[in-house]
Amino acid sequence: MTFTREKDFGTPEAMGAAVSLTIDGQEVSVPAGTSIMRAAAMVDTAIPKLCATDSLESFGSCRLCLVEVEGRSGYPASCTTPVAPGMAVRTQSDRLRKLRRGVMELYISDHPLDCLTCGANGDCELQDMAGAVGLRDVRFGYEGENHLEGCKDESNPYFTFDPTKCIVCSRCVRACDETQGTLALTVDGRGFASGISASQDESFLSSECVSCGACVQACPTSALIEKTVIEIGTPDRAVVTTCAYCGVGCTFRAEMRGEELVRMVPWKEGKANHGHSCVKGRFAWGYAQHRDRILNPMMRGSVDEPWREVSWEAAIARVASEFRRLQKEHGARAIGGITSSRCTNEETFLVQKLVRQGFGNNNVDTCARVCHSPTGYGLKTTFGTSAGTQDFDSVRHADVILVIGANPTDGHPVFASRMKKRLREGAKLIVVDPRRIDMVRSPHIEAAFHLPLRPGTNVAVLTAMAHVIVTEGLVNETYVRERCDTDAYAEWAEFVSEPARSPEAVEDLTGVPAADLRAAARLYATGGNAAIYYGLGVTEHSQGSSTVMAIANLAMATGNVGKDGVGVNPLRGQNNVQGACDMGSFPHELSGYRHVSDSAARSLFERDWGVSLDPEPGLRIPNMLDAATDGAFKGIFIQGEDILQSDPNTTHVAAGLAAMECVVVQDLFLNETANYAHVFLPGSTFLEKDGTFTNAERRIQRVRKVMEPKNGYADWEVVQLVAHAMGLDWNYTHPSQIMDEIARLTPTFAGVNYAVLDQRGSLQWPVNAAAPEGTPTMHIDHFVRGKGNFVVTDYVPTDERTGPRFPLLLTTGRILSQYNVGAQTRRTANVEWHEEDRLEIHPHDAENRGIRDGNWVSLRSRAGETTLRAKITDRVAPGVVYTTFHHPDTQANVITTDFSDWATNCPEYKVTAVQVMPSNGPSDWQRSYRAQAEASRRIEPAEPAE
Amino acid sequence: MTRVFVSRDMASVALGADDLAQAFARAGCEVVRTGGRGLFAIEPLVEVETSEGRIAYGPVGPRDAAAVLDGTHANRVGVTAEHPFFARQQRFTFARCGVIDPLSLADYAEHGGWKGLEAAFRLSPQEVVDAVKASGLRGRGGAGFPTGIKWQTVRDAEADEKFIVCNADEGDSGTFADRMLMEGDPYCLIEGMAIAGHAVGAGHGYIYIRSEYPFAVRTMRDAVARSAGRIAPFTLEVRVGAGAYVCGEETALLDSIEGKRGQVRAKPPLPAIEGLFGKPTVINNVLSLAAVPFILSEGAEAYAEVGFGRSRGTMPVQIAGNVRNGGLCEIGFGVTLGELVNEIGGGTASGRPVRAVQVGGPLGAYFPPAMFHLPFDYEAFAAAGGLIGHAGITVFDDTVDMARMARFAMEFCAVESCGKCTPCRIGSTRGVELIDRIVAGAPRGAGMLEIMPQMRNARTAARTQDEEIALLRDLCDTMKFGSLCALGGFTPYPVLSALDHFPEDFGGASALPEAAE
Amino acid sequence: MMSNDQRLVHMAGQILRNFAAQGREEAIAATAEHLTLFWAPRMKARAIAMLEEPGAELPEEVRAAFAALRHPA
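Sequences listed follow chains E, X and S, in order.
Residue numbers for the first sequence follow the numbering used here, beginning at 1 and rising by one.
Residue numbers for the second sequence follow the numbering used here, beginning at 1001 and rising by one.
Residue numbers for the third sequence follow the numbering used here, beginning at 2001 and rising by one.
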């Protein structure tokens, strides 16, 4: 494979009707609005350029791209001049050559000359252009005024800024403005003194820069360049793959030098990210090579023993024999498995297949249990399928954007940038969140309404919005009549119309001013295309499923489902939450969301797999832990999930795991759960295997192996080894065969295979005979379930109440630079932005408790206690505290309770009654846990060979 | 009680008009503060209302009140309008300037104010645009683009919102007509903008004034507030610049109003299609907008009757520099450069021969007296390698060093460049360095770097003076044809005209005889 | 902390409360259906067993919902 750069057309694509012109005599037909530069590039006529790149609007500053247009005076810049019918363009002439050379002569009169030792050598547009224009002499000499004394800024852990190499093309500034929307960069000074500045002339690290990498990617020289390129050199091959962090599903070119990853560059063709990225996907992949990674299988007799490294054969044999023994002694349902939303569809499918076919029960669950299980239940009940309704591009057509219980700029940064771009174009924003998240007010963006509700009152707020929409006559009657179940609607409309559901009636409960709520509801109903985006602030509640349905009700009542620019859009937390759910990871569902009691669906699998399947739903994760403490659940296979850190009520999780006899953990690192494991199977990273991920927009995208698995096997191979050891006849030699099986057994995936994926780049399910190219927007003519189903969502307060002992409400979330339990991001330089979890507390609550910014505080709930440092901020309302859960030292989930969503048992992470007090050291739990963890992580040195 | 008139114009105040006004008030006169008349040689000026008309005295000081009032002062000018400097003028735009109290709505109405707006309201918006087209009015900011066509484009653009923006960022050294009009007859500009709003369907306008004009800012703000009811529903607001010359370039000005760094935008899109906040925008110079009330009230023909070739109507020419009668002269196009300099301007103040005249501000070309036959006309000046610009004329006598003036042009560009496009950003600095070498007669030898053995492609032989001048011409070529806006694009005019007409100042062959003296 | 039996009763009560707006009988039926669809056999078996245990404290509606469950295979 040879290394080629992605073609740069210079300016973005245009959409107008066809226009014909000639370029150097060659007839060209392009859409109206296309620049001359792009039109030329489309026929492979390269016009010299430096300030233009096709991810950014044209700028016209470098003046290299001048052309001649017949009948026009002067030399228009081809990047800023749109084509016109009949235009005759010349891109080469003596005059143009002289002008371009004159410009280049000026550039080089103020540029370092040691190209051969430059990080960008061979990958520098300035170098290329100097060659293209034939610059041979800089007649001004090199002793004039210059910028060659500038200091390099190496503060960012991933890239450097060297102002001496800067040609002030503003591509970085424009990338920060247009693509990322952070507006952290600017041109400081003017004229010859112009230079790039981060924030108010700060270092990149201390500026507002979020390290998304857009500026680095946009830079034509090595002024902004990845440190890895400086260290390793330019790449020699590139493989397109999909990011393994959040549910946005950005695609990247993994640019390699041999087996070494040089850099991850967002892929312009990627339909989810369109060439953009965030600090995690772009830069935080160093964990794959981290020394903490476990590369050999390990076993031990009991969890107080140190680990012993063993062969794969020995480890797999132990797993199989223990599982079979436990089933023999305690019944077929005494063991189970957990699939991972971090793994590929193929791997997830195999783990649930192992459980259903090999274990002979349905005790399989997935980490979606603790994040988006209510989405599955809620959207299936109302619309008929468990998935978001739109593609990400849909946001371009939204006029009103309602963000509830999501913090896109931290959790889904690349999509947040798209959303912000649309907001800058004039769409209106409503934010429903207890915290004043960044979206509420950031450069050039201000929410029309921020409804800072009390945690736990989502249903009351959404029902009050429905009250306003129904009682003020804002319902889209035609849509409801034609598309929805009218009986269900009538019942719902009557329910929400009751005075007790009015904004005024619930104002005291929710803390949301009634007038704001009314105005927001009116805006949502009447502001044009209205799209709802939500996250775990919706699902992780005792009424998570009700909230999802309340959202669906609002969308149906206003006709905001089934076209571009609208919809109900869950922002998925993990790269493959959607896929893990699609693949049948829930204990009650086969792939494609078919209930295990559905005998037709079951028999399809039974015929294919040659076994009979259990028609009864299996245990959910919390049920498994309960059953374990009862002595009825004895063994578990956990792939790529750290339930001890991520699941609620840590002490209860620990007790459940401790009660099991065979805990098998497959992971990259000795995670917290592994402290309770008997067998550890090393996992492979997304860079080391083939497969697919499905993102939040139902988009199936390829994960491609860029290097050999450091642990020896891809995860799907390990599952197959276990299956073989348990006597199953599996014969997969490549994940594409697993996808073929998925397609064979899952109607919504019927048209999916690797050949089509490779050809089309990605596919959004359903992909079948009716929609061979996939389905960007769902429910267009009718809902999947037929008629849209309105569900009455009565507000039921959580059992978790504040009181004198626990007067504050804790809510949890995450931060841009870190990812979930932090297993990966804590093992990268991202810790420079977030070294520890902090407790956000309102100045008023801090004052009452004598807490100063940065003080250690104890955080106590009915479930447990931990300590961390306080951050005083009015982002949270009085009475509400907030923290992240990225660090095991904090163990935020020691605090969270085991209350959960009524329909799905998704934990109520977002509401815990707590008390906060000044403290001077770690809690008892932290102390004892730390000691236990240290003991449990010992690895016995391997015996020297005889 | 005797009524006297004393200017409140910034230039007059700088020369002592405030003290003068106080002295006449103390002497028991009713003092009316007007705008400036426009002839600085007779400032501070006081006009006494008499039965024969206003009798002017100037320059006079505060102690001269008694002598003025009894008519004995030696500097009696006579009836102001009959002074030769004013007699030749055709004041269409500046008719009221210096005559009325600038902020008096009554004065304005009495002197023909609002007639244009009333006439416009009687016409359909398209008829107003047609009238402006028929008048032949062209952009007075410098580019000379037909105003009516610009308005037509904005009028034809579909949008929920449109804007009128007045460019009052009068940054050219030696120009002051915008300032004088805003200080002396602010309602005239307001009326012109309201007419434009009616014509193109814009509801709101901005007047962007440079921060160096505090009097104009104050007067315009006051006038906007006082006339709000008269122009409603059209509304106006004043925005103040922050000291950047480049913000006088229309697209940089729009960015500045939007709250951004004032940086030139590439065109297209034209501001008429995508201007302020992305909406169709009429952006015109003060003088263009202020010419409109006359066109509407007196008729397009009355305006178009005056002029020369395709340059119709009058131009408020500003004569400055080393000149006897510096000031504002509104006159029909077609007057020759020589007439402006020698007859109206009265030659140099120093009494020495005129050597060069720069027309069109700091980026305009220098002309020698040999070219004084040029008629004041956009096309004639363009053909002669120059430009009219904002009609500033700066006069130099024979002591001027034209190489230094060329250097000044490059330096001006370097100081004021926004830094966006390469030819202007780097080229202007290289231009200064290059002219310094040329003036010093020290062509560049190979640099330390160029003679290093690692450098195989650099030339090691010294450059000759002719090569350096050729490089300067090449640089001017790159800047003229490569720059994004007129700042970098016009900087070569003064440089090349100095090189062409005054080569002897650059150490060229024709300098030799002088050196031999 | 709740015992595992208490947790089952609590979960069933929570489901009932969320269906309560439909009316008592409908809520009981909907809850029983929900438990049938989503509870594992072991949980359903415990629920049914609790009906017979004198010590089990079952609110009336929870009892009714449990009573509507079929014994799983």
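Ideal Cβ positions, reconstructed from N, Cα and C, are used throughout, including at glycine.
In chain order, Asn2004 make up the part of chain S whose C-beta sits under 9 Å from the C-beta of threonine 629/E. Of all residues in the region 830-844 of chain E, none comes within less than 7 Å of chain S when Cβ atoms are compared.
Chain-order list of chain S residues neighbouring serine 546/E: Asn2018, by C-beta distance under 9 Å. If you ignore the 5 residues before and after alanine 332/E, its C-beta comes within less than 6 Å of the C-beta of Gly360, Asn361, all in its own chain and listed in chain order. Annotation: the continuous beta strand (DSSP E) that includes phenylalanine 693/E extends over 691-694. Nearest in C-alpha terms to glycine 565/E, of all of Val752/E, Ile167/E, Leu536/E, Asn529/E, is Asn529/E.
For the pair of segments examined, the region 1129-1140 of chain X was found not to touch the region 1214-1231 of chain X: the number of CB pairs separated by less than 8 Å stays below three. For glycine 535/E, the closest alpha carbon among the candidates Glu865/E, Leu261/E, Thr375/E, Pro735/E is that of Thr375/E.
Boundaries cannot be given for aspartate 485/E, as no alpha helix (DSSP H) includes it and DSSP labels it neither H nor E. Residue burial is scored here from C-beta neighbours: histidine 2071/S has fewer than 16 other C-beta atoms within 10 angstroms and is therefore classed as exposed. Look at serine 61/E: its C-beta is under 8 Å from a C-beta on chain X.
Contact between glycine 1327/X and phenylalanine 1040/X is confirmed by a C-beta separation of about 5 Å, below the 8 Å threshold. With 16 or more other Cβ atoms inside 10 Å of its own Cβ, alanine 1272/X counts as buried.
Excluding sequence positions up to five before and after alanine 2056/S, its CB lies within less than 6 Å of the CB of Met2050, all in the same chain and listed in chain order. Cβ-Cβ separation between valine 1068/X and valine 1060/X: approximately 6 Å, consistent with a contact (criterion under 8 Å).
In this structure, isoleucine 1231/X sits away from alanine 1168/X, with a CB-CB distance that is not shorter than 8 Å. Taking a C-beta distance under 8 Å as the contact criterion, alanine 427/E and alanine 398/E qualify as a contact pair. Scanning the region 1312-1368 of chain X for uninterrupted alpha helix (DSSP H) segments of 4 residues or longer gives nothing; none is fully contained. When DSSP states are grouped into helix, strand and coil, arginine 1459/X belongs to the coil group. According to the DSSP assignment, serine 858/E belongs to the beta strand (DSSP E) that extends over 856-860. Lysine 428/E carries a strand assignment under DSSP once its states are collapsed to helix, strand and coil.
Straight through space, the alpha carbons of phenylalanine 1490/X and valine 1357/X are spaced by roughly 16 Å. Of all residues in the region 1412-1437 of chain X, only Cys1413, Ala1414, Val1415, Glu1416, Ser1417, Cys1418, Gly1419, Lys1420, Cys1421, Thr1422, Pro1423, Cys1424, Arg1425, Ile1426, Gly1427, Ser1428, Thr1429, Arg1430, Val1432, Glu1433, Leu1434 place a beta-carbon less than 9 Å from a beta-carbon of chain E. Residue ranges of uninterrupted beta strand (DSSP E) with 3 or more members, entirely inside the region 1131-1176 of chain X and ordered along the chain, are 1163-1168. Between the beta-carbon of glutamine 737/E and that of phenylalanine 806/E there is about 53 Å, and that puts the pair past the 8 Å contact cut.
Considered as a whole, the region 1392-1456 of chain X harbours 1402-1416, 1422-1425, 1427-1439 as its complete alpha helix (DSSP H) runs of no fewer than 4 residues, in chain order. Here asparagine 361/E carries a coil assignment [DSSP, helix/strand/coil]. Between threonine 164/E and glycine 150/E the beta-carbon gap is near 5 Å, inside 8 Å, which marks them as a contact.
In this structure, the alpha-carbon of glycine 1431/X lies about 43 Å from that of glycine 16/E. The bridge partners DSSP lists for serine 1288/X come to none.
Assigned with DSSP and collapsed to three states, valine 279/E falls in helix. Contact between the region 684-694 of chain E and the region 702-709 of chain E is present: 3 or more CB-CB pairs across the two stretches fall below 8 Å. Less than 8 Å separates the beta-carbon of leucine 453/E from that of valine 432/E. Secondary structure remark: continuous beta strand (DSSP E) runs of at least 3 residues inside the region 601-639 of chain E, in chain order: 635-639. Interface criterion met: the Cβ of arginine 2007/S is under 8 Å from a Cβ in chain E. Taking 8 Å as the upper bound for CB-CB distance, valine 1439/X and alanine 1382/X are not in contact here, some 29 Å apart.
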